[in-house]
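Notes to accompany the following structure.
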Amino acid sequence: MISSDEEFSSDIAAMIGASAAFLCPGAFSRTYWAARVGFIDGSYALNPSKKIMDQSFLDMVVAGTSEAVLMVESEASELNEDLMLALYCLVINLCR
-8 MISSDEEFSS
2 DIAAMIGASA
12 AFLCPGAFSR
22 TYWAARVGFI
32 DGSYALNPSK
42 KIMDQSFLDM
52 VVAGTSEAVL
62 MVESEASELN
72 EDLMLALYCL
82 VINLCR
C-alpha cells in the first residue's frame, strides 16, 4: 500500500503504484521507477516535500526502467545546462 499526505506530492507515489500494477500476471514484465529532484541552496533534494519544492529552483521528474529513461519533465529557474544535466544523471544513477 502506498499512502500520501498534504506534505508530499502524490504524483511520484502514483507512478510507482502504476508500476506495481504492471507486475500482475499478463502485464509488462519490468519494473518502472520515478523520482523528483529539486535544487535548493546549492544542494539537490530527492523526492522533496511540497514545502521544500516551494523554494526550489528546479522541479524535475524522471521515470524509467533499468534499461531506459521513459520520461523527463522539468521546470527550472536560472539554472545552467551543465547543472541540469548533472542532476538528471544523478537521478538516473540513484534510481537504476
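Under the working numbering, the letters of the sequence shown match residues -8 to 87, in that order.
Note that CB positions come from ideal geometry on N, CA and C, so glycine has one too.
None of these values were measured; they are calculated from a predicted model.
Checklist entry - At which residue ranges does the stretch -5 to 43 contain complete alpha helix (DSSP H) runs of 4 or more residues, listed in the order of the chain? => result 2 to 12
Checklist entry - DSSP on E64, reduced to helix/strand/coil? => result In the sequence shown, residue 64 corresponds to position 73, counting from 1. E64: strand per DSSP, three-state reduction.
Next on the checklist: I want to check one thing, is the minimum distance from the CB of M62 to the heavy atoms of the ligand HEM below 8 Å?
Outcome noted: For the ligand HEM, the structure offers nothing, since it holds no ligand at all.
Checklist entry - What is the DSSP secondary structure of L49, counted as helix, strand or coil? => result Position 58 of the sequence shown, counting from 1, holds the residue named residue 49. Strand.
Item to check | Among D50, A25, I7, the one whose alpha carbon lies nearest that of A36 | outcome: For this step, residue 36 is matched to residue 45 along the sequence shown. Out of D50, A25, I7, D50 has the C-alpha closest to the C-alpha of A36.
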